[in-house]
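Report on one structure; see the data block that follows.
There are 2 protein chains.
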Amino acid sequence: MNIKEIAEELVAGCREGRTEENLGKLYADNCVSVEAMDNSGAGRETHGLDGIRGKHAWWDENFEVHDAKVDGPYLHGDDRFAVTFALDATNKMDGTRTQMSEVAVYHVADGKIVREEFFYN
Amino acid sequence: MNIKEIAEELVAGCREGRTEENLGKLYADNCVSVEAMDNSGAGRETHGLDGIRGKHAWWDENFEVHDAKVDGPYLHGDDRFAVTFALDATNKMDGTRTQMSEVAVYHVADGKIVREEFFYN
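Line order of the protein sequences matches chains A and B. Under this note's numbering, residues 4 to 124 are what the first sequence spells out, in order. Under this note's numbering, residues 4 to 124 are what the second sequence spells out, in order.
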């Protein structure tokens with residue numbers, strides 16, 4: 004897959020509930036995921052596909068998503084693309100409902116996503 | 004200014020018509036501006052603040068902006084931030100009116116913007 008196909012499939016997967024399936028299909032095994040800040044106290048970076056699957060599992064366990072808007076992809080050269088996310092979600096632990104928006108930048112090498120970076124406040 | 008102050012002033016300047024003034028205030032003299040693709044045939048990168056001023060002048064000469072929506076800034080660590088732009092503009096040369104959206108990623112070092120990267124299709 005070229006970067007346009009990878010980017011479009013990632014966005015389609017987010018919209019159509021194939022996010023987990025796409026981790027195995029689109030991501031490199033040694034992919035690095037980088038948060039905007041150190042939310043967990045364990046640092047901003049998660050190394051490896053198993054760790055990234057763990058982040059998704061943590062999110063699914065702890066948040067109920069009421070509405071999600073995914074825009075993009077927006078391409079930059081032949082090795083990066085961006086996607087924007089707007090989420091309306093409730094934290095199941097404390098019941099807080101929040102509207103969140105963020106930008107994600109994905110780096111592609113050898114036909115796989117090798118790095119994802121999240122921008123938010 | 005720290006990165007949050009720089010990012011917020013860049014966004015405020017875009018919204019309030021202080022974009023040109025902010026080039027001198029927020030950008031490093033050797034800043035690099037990178038387009039998503041080679042639109043001009045001269046490559047994707049423009050080096051230096053004078054060149055970036057030239058890009059702005061070209062845009063202002065050639066496009067009439069009817070509406071602009073600027074969202075963000077979205078921070079990533081202490082050296083990058085993203086801003087999203089949605090523009091409704093007419094190309095003065097051929098009269099084509101287009102709705103464009105893009106993501107911009109800004110890199111900050113030593114209190115100045117040293118690189119801006121545009122993501123679009």
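Note that beta-carbon positions come from the ideal geometry of N, C-alpha and C, so glycine has one too. If you're wondering where the values come from, they're calculated on a predicted model, not measured in any experiment.
For a contact meaning CB atoms closer than 7 Å, what does residue i contact in chain B?
| i | result |
| --- | --- |
| F84 of chain A | F122 |
| T49 of chain A | Correct list: empty, because the minimum Cβ distance to chain B is about 14 Å. |
Quick test of your reading: residue i and residue j, contact by CB under 8 Å. State the CB separation rounded to the nearest angstrom.
| i | j | result |
| --- | --- | --- |
| Y123 of chain A | F122 of chain B | With a Cβ gap of about 16 Å, Y123 of chain A and F122 of chain B do not count as contacting. |
| S43 of chain B | I55 of chain B | S43 of chain B to I55 of chain B, Cβ: 14 Å. No contact. |
| H69 of chain B | A92 of chain B | 6 Å |
| E105 of chain B | F88 of chain B | 5 Å |
| D82 of chain B | A112 of chain B | 7 Å |
| A85 of chain A | V117 of chain A | Not really, about 15 Å apart at Cβ, beyond 8 Å. |
Please compile the residues from chain A whose C-beta is within a distance smaller than 9 Å of the C-beta of residue i.
| i | result |
| --- | --- |
| L78 of chain B | A39, M40, F122, Y123 and N124 |
Just the Cα atoms here: how many angstroms apart are residue i and residue j?
| i | j | result |
| --- | --- | --- |
| N5 of chain A | G114 of chain A | 6 Å |
| L52 of chain B | D97 of chain A | 48 Å |
| K72 of chain B | D41 of chain A | 30 Å |
| E3 of chain A | E24 of chain A | Here chain A has residues from 4 to 124 only, and residue 3 of chain A is not among them. |
| T49 of chain B | K28 of chain A | 36 Å |
| E119 of chain B | E19 of chain A | 32 Å |
| A10 of chain B | N33 of chain A | 32 Å |
| N65 of chain B | R21 of chain B | 19 Å |
| R47 of chain A | A39 of chain A | 7 Å |
| L26 of chain B | K95 of chain A | 44 Å |
| H79 of chain B | H110 of chain B | 10 Å |
| T101 of chain B | C17 of chain B | 19 Å |
| G57 of chain A | E12 of chain A | 21 Å |
| A1 of chain A | A31 of chain A | Only positions 4 to 124 of chain A appear in the structure, and residue 1 of chain A is not among them; the question remains open. |
| A15 of chain B | A15 of chain A | 33 Å |
| T1 of chain A | M103 of chain B | As shown, chain A starts at 4 and ends at 124. That puts residue 1 of chain A outside it, with no answer to give. |
If you run the structure through DSSP and keep just helix, strand and coil, what is residue i?
| i | result |
| --- | --- |
| N5 of chain A | coil |
| R118 of chain B | strand |
| E64 of chain B | helix |
| A112 of chain B | strand |
| G54 of chain B | helix |
| K95 of chain B | coil |
| N33 of chain A | strand |
| R18 of chain A | helix |
| A10 of chain A | helix |
| E23 of chain A | helix |
Name the residue from the options whose alpha carbon lies nearest to the alpha carbon of residue i.
| i | options | result |
| --- | --- | --- |
| W62 of chain A | A:E8, A:D82, A:R83 and A:L90 | A:L90 |
Show which residues of chain A have a CB atom less than 8 Å away from the CB atom of residue i.
| i | result |
| --- | --- |
| T87 of chain B | T87 and V106 |
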